[in-house]
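Chemist:
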Amino acid sequence: MAAIEVKNLVKRYGSTDAVKGISFSINEGEIFGLIGPNGAGKTTTLRVLATLLSINDGSVTILGYDLSKQAGEIRKLISYLPEDAGAYKNLTGRAYLQFIANFFDSKDAPTMVKKGIEITDLGKRIDDRVDTYSKGMMRRLLVGRALMTNPKMAILDEPTSGLDVINAQEIRKLVKTTAQAGTTVLLSSHNMLEVEYLCDRIALISEGKIVEEGKPKALMEKHQARNIEEVFVRTVHE
Amino acid sequence: MSGLGNITKKEIRELMTPATFVPIILVAAIFATMGNSIQGIQDQATEPPTIGIINEDTSSFGIIASDILHTRAKSVFNSTSLSELQEGLQTVKDRNGVAIIIIPENFTGRIIQEQQGTFQVYWIMKGAGIMDTISSGAVEGLIAYINTNISRELITQNSTVNASFVLSPTIRQETTYFKDREFVGISPNTISSMLSSQSLLIPIVIMMIIIMAGGIVITSMALEKENKTLETLLTLPVKRTSIVSGKIIAAAVIGLILAVIYMIGMQFYFSGFQFSVGVNLETYGIVLTSMDFIWIGLSLFLALIAGLALCMLLGTFAKNYKSAQTLTFPITMLAMIPMFITMFADFDTLPMALKIFTFAIPFSHPMLAPRALLFHDYTLVIGGLIYVAAFAIITISIVVWIFKTDRLLVGTTKFKWLAPLVRRRR
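Quick mapping for you: the protein sequence lines, in order, are chains Z and L. Under our numbering, think of the first position of the first sequence as 9, with each following residue one higher. Under our numbering, think of the first position of the second sequence as 2, with each following residue one higher.
1) Can you list, in chain order, the residues of its chain whose CB lies under 7 angstroms from that of Z:E202, leaving out five sequence neighbours each side?
2) Going along the stretch 227-251 of chain L in order, which residues come within less than 7 angstroms of chain Z, judged by CB to CB distance?
3) Please identify the residue among L:T290, L:T81, L:L202 and L:N321 whose C-alpha is closest to the C-alpha of L:M264.
4) Pull up the distance between the alpha-carbon of L:T9 and that of L:E15, whole angstroms please.
5) I need the straight-line Cα distance from L:T34 to L:I211, nearest angstrom please.
6) Considering just the uninterrupted stretch of the beta strand (DSSP E) at L:I102, what are its terminal residues?
7) For the alpha helix (DSSP H) that contains Z:M146, what are its first and last residues?
8) Does any CB atom of chain L fall closer than 7 angstroms to the CB of Z:S62?
9) Can you find a CB in chain L that lies within less than 7 angstroms of the CB of Z:Y88?
10) Note down, in chain order, all residues in the stretch 395-415 of chain L with a beta-carbon under 8 angstroms from any beta-carbon belonging to chain Z.
11) Do L:D347 and L:A129 count as a contact pair if the criterion is CB distance below 7 angstroms?
12) Give the straight-line distance between the Cα atoms of Z:K230 and Z:L57, rounded to the nearest whole angstrom.
13) Give me the chain L residues within the contact set of Z:R83, using Cβ-Cβ distance strictly less than 7 angstroms, ordered along the chain.
14) Please report the Cβ distance between L:I104 and L:S67, rounded to the nearest whole angstrom; I am assuming they are in contact, meaning their Cβ atoms lie under 8 angstroms.
15) Residues in the same chain with beta-carbon distance under 6 angstroms from Z:L155, minus the five sequence neighbours each way, listed in chain order, please.
16) Curious, which full-length alpha helix (DSSP H) runs of at least 4 residues does the stretch 153-232 of chain Z contain?
17) On a Cα-Cα basis, can you pick out the residue from L:I217, L:Y322, L:I131 and L:F62 that is closest to L:I147?
18) Within 7 angstroms (strictly less), CB to CB, does Z:A162 reach chain L?
19) Kindly provide the ranges of any beta strand (DSSP E) runs that are 3 or more residues long and lie completely inside the stretch 63-148 of chain L, ordered along the chain.
20) By the three-class DSSP mapping on this structure, what secondary structure does Z:K84 have?
21) What are the boundary residues of the alpha helix (DSSP H) that Z:Q106 is part of?
22) Whole-angstrom Cβ separation of L:T141 and L:S188, contact assumed at under 8 angstroms?
23) Between which two residues does the alpha helix (DSSP H) carrying L:Y285 extend?
24) Sort out for me which residues DSSP pairs Z:T69 with in a bridge.
25) Who are L:E183's beta bridge partners in DSSP?
26) Where does Z:R234 fall in DSSP's three states?
27) Would you grab the beta carbon distance between L:R182 and L:Y285 for me? Rounded to a whole angstrom, and I think it's under 8 angstroms.
28) Using the beta-carbon count (16 or more within 10 Å), is Z:D165 buried or exposed?
29) Spell out the partners DSSP gives L:T242 in its beta bridges.
30) Let me see if you follow: with CB-CB separation under 7 angstroms, is Z:Y205 close to chain L or not?
31) Closer than 9 angstroms, Cβ to Cβ, to anything on chain L: give me those residues from the stretch 45-75 of chain Z, in chain order.
32) In angstroms with no decimal places, state the Cα-to-Cα distance between Z:E204 and Z:T51.
33) For the beta strand (DSSP E) that Z:K28 lies in, which residues bound it at each end?
34) Between L:I99 and L:I192, what straight-line distance do the alpha-carbon atoms span, to the nearest angstrom?
35) Just to confirm, is the Cβ distance from L:V162 to L:L168 under 7 angstroms?
36) Along the stretch 99-121 of chain Z, where does the CB come closer than 8 angstroms to a CB of chain L? Name the residues.
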């Protein structure tokens with residue numbers, strides 16, 4: 009069964025078509041990468057699937073729910089990590105995770121917070137105020153927040169953005185583990201190595217349209233490329 | 002272009018926005034309107050007051066008093082018999098007059114015997130605002146002028162006259178009719194002063210609560226955007242109504258706490274200016290009951306919710322902390338306008354257009370409620386409650402609707418007149 013089914017999705021901002029009728033589906037437990045140049049429509053697509061933006065045309069089904077009619081049900085099952093997200097600066101890291109966990113089943117909240125603290129790996133700094141965190145610490149807190157709720161579907165926009173090599177690697181492993189535990193992951197990234205390492209399948213999006221879709225290896229073979237970066241350059245720029 | 006010129010040009014370009022100028026233009030317009038109102042009061046003060054005169058005294062001092070009144074006031078009812086008092090009151094009331102002044106038969110006789118001559122004044126009071134008591138003040142001035150003239154006459158006639166008597170040869174016995182009630186022994190100015198001193202604090206409390214709590218709500222929305230927490234919040238399993246209501250309730254609680262702290266200081270400040278006029282309005286039945294306080298509390302609560310909903314609506318346009326500060330300005334103005342209006346005039350005596358305008362501002366109602374309740378005008382209070390409740394529900398519904406659309410995140414709007422404001426904050 010497909011976790012996400014997108015058919016002819018159109019999203020406009022005024023007279024500008026940001027997404028021009030894209031279609032794709034993601035299987036349960038799969039890690040699906042959406043890659044493309046800046047302004048291609050990746051973030052808009054992710055925001056639509058995260059129930060933040062309405063759609064102008066087409067249809068989206070997430071985990072069996074119609075996005076246009078059952079956004080409330082979808083929000084119970086998904087977790088969204090925006091690219092430039094932040095946290096409430098006057099809270100400590102722990103208080104922030106607790107605040108988020110309180111929106112879910114109260115009996116699961118302590119376990120969620122515990123898991124979140126483990127993922128963030130902030131040590132004693134978890135009890136410091138968020139406004140004292142470095143960019144990398146903030147990102148780890150937000151990744152912890154996104155994955156601690158055991159979502160059926162995680163939508164991650166540039167999950168390793170702002171992290172150093174070591175931290176980024178840990179987050180990638182975590183995403184992989186999360187998917188292995190049954191969570192479907194949809195992510196976008198500018199890091200082609202990351203996409204190649206993480207994703208079961210990818211879609212290349214350019215100017216609001218999907219220009220290529222498939223497994224990374226198959227795409228590399230098709231385009232006689234040594235890596236996804238070459239596929240990206242050949243597909244998007246040539 | 003020099004470095005200085007380049008920077009100056011860039012700064013001016015950044016500052017030349019509607020957000021910079023609209024609030025100042027609004028302030029200028031409000032002050033201009035207030036200036037016109039004050040000018041109107043001055044014009045009214047120079048006009049002769051409309052009165053009725055019943056003169057039963059045909060002797061010298063009665064004639065002096067009557068002549069001065071006829072010369073310096075517009076008399077619409079003249080009689081020589083006290084039996085025509087009711088007819089006179091009706092005529093003066095119909096002609097929008099301010100008082101009937103009775104010069105009794107023994108007026109001159111008493112003064113000659115060095116006993117104070119008595120003016121019986123029946124006031125027709127229309128409202129308790131500053132503007133409403135101008136005419137009665139003018140009549141009081143006339144009576145003082147008569148007093149001076151009689152003093153001068155007494156000194157001219159007899160230089161050995163008793164000094165303390167000659168300084169005040171007349172006295173007033175007054176009865177005021179206000180909102181179908183009779184106040185024996187009190188002038189309109191006294192009633193106005195008493196009511197003003199009782200109700201001055203409430204508008205200031207309301208204004209402070211609205212300004213403080215409103216600022217909190219608008220800033221909260223701006224910080225959600227500035228700190229990039231809004232997107233996360235909107236994808237959590239929580240109803241939009243809960244987000245909106247939660248922010249409003251929290252701001253109301255904090256706003257109330259801040260207002261209480263502020264008012265403790267203000268209470269001490271005001272106590273330094275308060276003075277007793279020696280009249281207890283309770284003896285005339287002008288007192289707020291515990292039920293009235295419940296009505297006022299309800300009115301205040303609903304106005305606060307309506308105000309915060311309005312702030313929330315404005316907050317959806319705020320992109321950051323700086324723009325939020327600008328957006329608190331219209332709310333401050335909306336809270337100040339009814340405060341000034343209720344200070345200057347009674348709701349009942351306002352021109353119809355100003356009445357509608359005042360009624361339309363939700364913050365007006367808790368300011369109007371205490372005085373209305375003192376005179377059992379429940380129609381205004383209950384009508385106000387219904388209006389403010391409807392205003393709050395509609396505004397909250399609009400905010401929730403905005404939370405369900407893309408507008409909150411991408412700032413697009415169908416309303417073209419809002420476009421510059423929205424673009425500015427994107």
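Every residue, glycine too, gets a C-beta built ideally from N, C-alpha and C.
Modeler: Taking the definition as stated:
1) T168 and R180
2) N228, K229, T230, E232, T233, L235, T236, L237, P238 and V239
3) L:L202
4) Their backbone Cα atoms lie some 10 angstroms apart in a straight line.
5) 23 angstroms
6) A100 to I104
7) K143 to M156
8) yes
9) yes
10) Using a CB distance below 8 angstroms, the part of the stretch 395-415 of chain L facing chain Z consists of T406, D407, L410, V411 and T413, ordered along the chain.
11) yes
12) 29 angstroms
13) Within chain L, the residues whose beta carbon sits less than 7 angstroms from that of Z:R83 are T236, L237 and P238, listed in sequence order.
14) About 6 angstroms separates the Cβ atoms of L:I104 and L:S67, confirming a contact at the 8 angstroms cut-off.
15) These residues qualify, in order along the chain: I127 and T186.
16) 173-188, 200-206 and 224-230
17) L:F62
18) no
19) 75-80, 100-104 and 118-126
20) coil
21) G101 to A109
22) Sequence inspection shows Glu at residue 141 of chain L; the Thr mentioned does not correspond to that position. Right, their Cβ atoms sit about 7 angstroms apart.
23) Element bounds for L:Y285: n/a, residue is neither H nor E.
24) Z:E13 and Z:D74
25) L:Y178
26) coil
27) 7 angstroms
28) buried
29) Partner(s): none; L:T242 has no beta bridge.
30) At a cut-off of 7 angstroms between beta carbons, Z:Y205 makes no contact with chain L.
31) Answer in chain order: R55, A58, T59, L60, L61 and S62.
32) 19 angstroms
33) T24 to N35
34) First, the residue type needs correcting, since residue 99 of chain L is Val and not Ile in the sequence shown. C-alpha separation (whole angstroms): 15 angstroms.
35) no
36) I108, F111 and F112
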